[in-house]
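Working notes, beginning with the structure itself.
Residue numbers (the numbering used here): 9 to 306.
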């Protein structure tokens, strides 16, 4: 069977290669590992808490209904990144055998009650449906957000993906020149001028309204190691904490682990999505194994 489920996690195993697999915690529906032919594609802190005591540091945490901290009414009491990543989701089962595909669900009844109560006073009826598909050389994560309430409400969504790299000093991210960028360290908005994003210190930027036609590529020493495609996710956060911030995070280990990761985070975070009663919204992230460099100016 390409699916193995236990009380706290689900594993998808490729029929083509047993060393191509994905591990998903029910806590946060967080993907903690994705290997292609035995090679790990994601970064996970060695101090990450996998027991449900706090959100997982690494892998692919899920951000809903707010990105970061917000002063907006209805969101101002929520902790950073909301409650999807620290709620225990329901495993809904396997929907396809090949490629292995599974689904997880979250609603008010499963949500972390303490945190959920801080989103519009816990008065929003919602359903989240997460679909995870393991292909031989790709991982597809799709979220459907549905409003099952009698009133409209708003939300952010983001896949907080930690990608593994050999050395951040040798890493570039391409196809972002000309894009509008909000730099969270400078608290400034500007147009990205660099032909490719490089890393020589802490970096925390939100690229806004980036065409989903654009393929984002993580490149090391001239070789593409990850391709990131997006569907209906117009924003891209690029983040690396670097030494000082990593040192201040108790669950970030080893402390020099920032050399081995880069976060490329597709989402809708530059503003809130509004859903009317009965409406739903869907977004997808597709991460593929590296191939040729593709330069795009769309």
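Glycine is no exception: its CB is placed at the ideal position from the N, C-alpha and C atoms.
Reference residue i; option with closest CA among the options
i           : options               : result
residue 216 : 264, 65 and 243       : 243
residue 128 : 149, 80, 93 and 148   : 80
residue 149 : 174, 303 and 165      : 165
residue 249 : 84, 208 and 144       : 208
residue 179 : 142, 144 and 234      : 234
residue 132 : 220, 118, 142 and 162 : 162
residue 173 : 191, 61, 229 and 125  : 229
Nearest-angstrom Cα separation, counted from residue j out to residue i
i           : j           : result
residue 26  : residue 46  : 9 Å
residue 284 : residue 277 : 18 Å
residue 15  : residue 94  : 16 Å
residue 274 : residue 241 : 6 Å
residue 272 : residue 175 : 15 Å
residue 50  : residue 66  : 8 Å
residue 265 : residue 158 : 46 Å
residue 186 : residue 199 : 6 Å
residue 58  : residue 70  : 15 Å
residue 55  : residue 64  : 9 Å
CB-CB length for residue i against residue j, believed under 8 Å
i           : j           : result
residue 154 : residue 288 : 4 Å
residue 213 : residue 246 : 5 Å
residue 144 : residue 28  : 6 Å
residue 181 : residue 226 : 6 Å
residue 123 : residue 86  : 7 Å
residue 300 : residue 232 : 7 Å
Environment of residue i [buried if 16+ CB atoms lie within 10 Å]
i           : result
residue 53  : buried
residue 106 : exposed
residue 35  : buried
residue 90  : buried
residue 120 : buried
residue 147 : buried
residue 326 : Outside the shown range of the chain (9 to 306) lies residue 326, about which nothing can therefore be said.
residue 195 : exposed
Own chain partners of residue i with C-beta closer than 6 Å, once the 5 adjacent residues on each side are dropped
i          : result
residue 68 : 39, 167 and 169
residue 83 : 74
Beta-carbon contacts of residue i that lie in its chain and below 8 Å, excluding the five residues immediately before and after
i          : result
residue 13 : 19 and 99
Close beta carbons around residue i, own chain, < 7 Å, minus the five adjacent residues each side
i           : result
residue 205 : 180, 181, 184 and 246
residue 112 : 37, 97, 98, 99, 100 and 138
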